[in-house]
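Visitor: So in full-length UniProt numbering, the last one in the sequence shown is 107, and the numbering has no gaps at all. Glycine is no exception: its CB is placed at the ideal position from the N, C-alpha and C atoms. Below is the structure I would like to discuss, written out as structure tokens.
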Amino acid sequence: MTTAGGFQAGTAVVPATQVEISVQCRNLADLDVLSKSDPMCVMFMKDIKTNTYYELGRTETLDNQLNPDFATKFTVTYYFEELQGIKFELMKKNQMNVLKIPYSALC
Numbered sequence: 001m002t003t004a005g006g007f008q009a010g011t012a013v014v015p016a017t018q019v020e021i022s023v024q025c026r027n028l029a030d031l032d033v034l035s036k037s038d039p040m041c042v043m044f045m046k047d048i049k050t051n052t053y054y055e056l057g058r059t060e061t062l063d064n065q066l067n068p069d070f071a072t073k074f075t076v077t078y079y080f081e082e083l084q085g086i087k088f089e090l091m092k093k094n095q096m097n098v099l100k101i102p103y104s105a106l107c
């Protein structure tokens, strides 16, 4: 059933756009002994169906940096007037593996 102007009930589109997110940090704690920390950032998005976070992507690791400006950008679909959970976790890389730094941010 079409009404005047071509609008059909039940066919509304949720307004959305692509957003690019850049990450930078300032004054991170130095968790290394002989050098400065080597941070990277991991971005997570919340799945509203399962109420859990999934990894969207990671930045590069920046060596010996306590004020990182990460070059990697995250592109996400932003849905207007809808709550979207985003979480950022900082990790530090050492010679053997990647360790979580006690910094995280929820948006």
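Tell me whether L90 sits in a helix, a strand or coil according to DSSP, three-state version.
Guide: In the sequence shown, the residue the question calls residue 90 occupies position 90. When DSSP states are grouped into helix, strand and coil, L90 belongs to the strand group.
Visitor: Go ahead and pull the three-state DSSP assignment for T77.
Guide: The residue you call residue 77 lines up with position 77 of the sequence shown. T77 falls in the strand class under three-state DSSP.
Visitor: In angstroms with no decimal places, state the Cα-to-Cα distance between A71 and I21.
Guide: The residue you call residue 71 lines up with position 71 of the sequence shown. The residue you call residue 21 lines up with position 21 of the sequence shown. The alpha-carbon atoms of A71 and I21 are separated by roughly 11 Å.
Visitor: Taking 7 Å as the limit between beta carbons, can you name the residues of its chain near N64, skipping five residues before and five after?
Guide: Taking the sequence shown and counting its residues from 1, one reaches residue 64 at position 64. Around N64: S35, K36, D38.
Visitor: From D30 to N67, what does the alpha carbon distance come to, in whole angstroms?
Guide: Numbered from its first residue, the sequence shown carries residue 30 at position 30. Numbered from its first residue, the sequence shown carries residue 67 at position 67. Cα to Cα, D30 sits roughly 10 Å from N67.
Visitor: Quick one: grab the DSSP three-state call for T17.
Guide: Locating residue 17 in the sequence shown gives position 17, where the first residue counts as 1. Three-state DSSP puts T17 in a strand.
Visitor: Which residue from Y78, I86, T59 puts its Cα closest to that of N51?
Guide: Looking up residue 51 in the sequence shown gives position 51. Residue I86 is the option with its Cα nearest to N51.
Visitor: State the DSSP-derived secondary structure class of L56, mapped to helix, strand or coil.
Guide: Translated into positions along the sequence shown, residue 56 becomes position 56. DSSP places L56 in strand when its eight states are reduced to three.
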